[in-house]
Amino acid sequence: MNNDSFKQLQAYEDTKTPIIKKFPKEIIEGVPVFWINKEKSENGVLVYLPGGGFIIGPTTLHWLYCNKLSKKLDMAVLMVRYPLAPENPFPDGLNAIVNVITALQKRGSLQRQWFLGGESAGGNLALAACYLLHQQKANLPKKLLLLYPAVNLDTNKTGPEVEDLIRKDVLLSLQFTKRVVAVYCGNRDVSDPLLSPVNGDLEILPPILLQHGTDDLLVLGSKELTQKMEAAGKFIQYEEYKAMFHGFVLITKLPESKLAIRAQVKFLKA
């Protein structure tokens, strides 16, 4: 991975995110990972992929959310700081994530009771990682936790629903979405299942909890994934949160976020 820019970005994030110093850092296959409540690993491990449009690393809100979720689950959370575009476009980040997971599996750090979660771009990468792990005949997570995932990177869709969401979404804009997709994908075909996981082999996926706000530009992709999963006879628990915006789960004082986290704990511990 290239690495001067990536290291500079890491150093910048570390100074802006003091909470990061609370968690043990490890380098696995050249990728920085952080253990949150590692002593709880025997109860299970949630490998977590933060969002940020493939170009921004985890913020303080991500760390606080993961710490809270870890305590409620009574499990360890492993935050993976995968390499980011534009210095590291597709498939660098995806390959780095899969390399981390397979390395942990080989050393026995991910037992049968392990889960994979991600939000936004991290949700995209969580699904794509399952496809790659399956290709490599590696063990898949027991369950998937997807928070407002970017499952379809086709930004050319139009229609009344799209226009309505563009008006409602207070965080994402179509212009920003197009820009990050171009930076991450380059000239590749965005219909590739490793870029738009909604187009992949859903038959191989474990049970999914998918949570999305209704006022989020990406919600149509989640609805499409839900419909395809149900048509394939696969388990998916789809939850919509009315009038919620992209990223709402990270605002953990929101009543809707509290409900969402409660559902996450129930799903992963069931």
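So the sequence shown is residues 683 to 952, counted in the numbering used here. Glycine residues also receive a C-beta, built at the ideal position from the N, C-alpha and C atoms. Owing to the predicted nature of the structure, the values given are computational and were not obtained by experimental measurement.
With fewer than 16 other CB atoms across the displayed protein chains lying within 10 angstroms of its CB, Gln-817 is exposed. As the crow flies, the alpha-carbon of Lys-703 is around 27 angstroms from that of Arg-944. Rounded to whole angstroms, the gap between the alpha carbons of Leu-746 and Ile-701 is 8 angstroms. Annotation: the region 756–828 contains the following complete segments of the alpha helix (DSSP H) (minimum length 4 residues), in chain order: 774–789, 803–817.
A distance below 7 angstroms between beta-carbons, with the five flanking residues on each side excluded, links Ala-785 to the following residues of its chain, in chain order: Ile-710, Glu-711.
Apart from sequence neighbours up to five positions away, the residues of its chain that approach Val-715 with a beta-carbon distance below 8 angstroms are Lys-707, Glu-708, Ile-709, Leu-760, Met-761, Val-762, Arg-763, Val-782, ordered along the chain. Phe-705 carries a coil assignment under DSSP once its states are collapsed to helix, strand and coil.
A Cβ-Cβ contact shorter than 7 angstroms links Val-833 with Gly-903. Within the model, the alpha-carbon separation for Ile-933 versus Gly-805 is close to 18 angstroms. The Cβ-Cβ distance between Leu-798 and Val-729 falls below 7 angstroms. The residue from Met-757, Gln-793, Cys-748, Val-872 with its alpha-carbon nearest to that of Leu-829 is Cys-748.
Beta-bridge pairing by DSSP links Gly-733 to no other residue. In the structure shown, Gly-895 adopts extended strand secondary structure according to DSSP, grouped into three states. Taken through DSSP and simplified to helix, strand or coil, Leu-751 comes out as helix.
Residue environment: Val-880 is assigned as buried (16 or more neighbouring CB atoms within 10 Å of its CB, all protein chains considered). Around Glu-885, the same chain offers Ala-914, Lys-916 as residues with beta carbons nearer than 8 angstroms, after the five sequence neighbours per side are excluded.
In the three-state reduction of the DSSP assignment, Phe-716 falls in the strand class, which pools E and B. Rounded to the nearest whole angstrom, the CA to CA distance from Ser-873 to His-928 is 23 angstroms. Scanning its chain for C-beta atoms nearer than 6 angstroms, with the 5 sequence neighbours on each side dropped, one finds around Leu-876 the residues Ala-810, in chain order.
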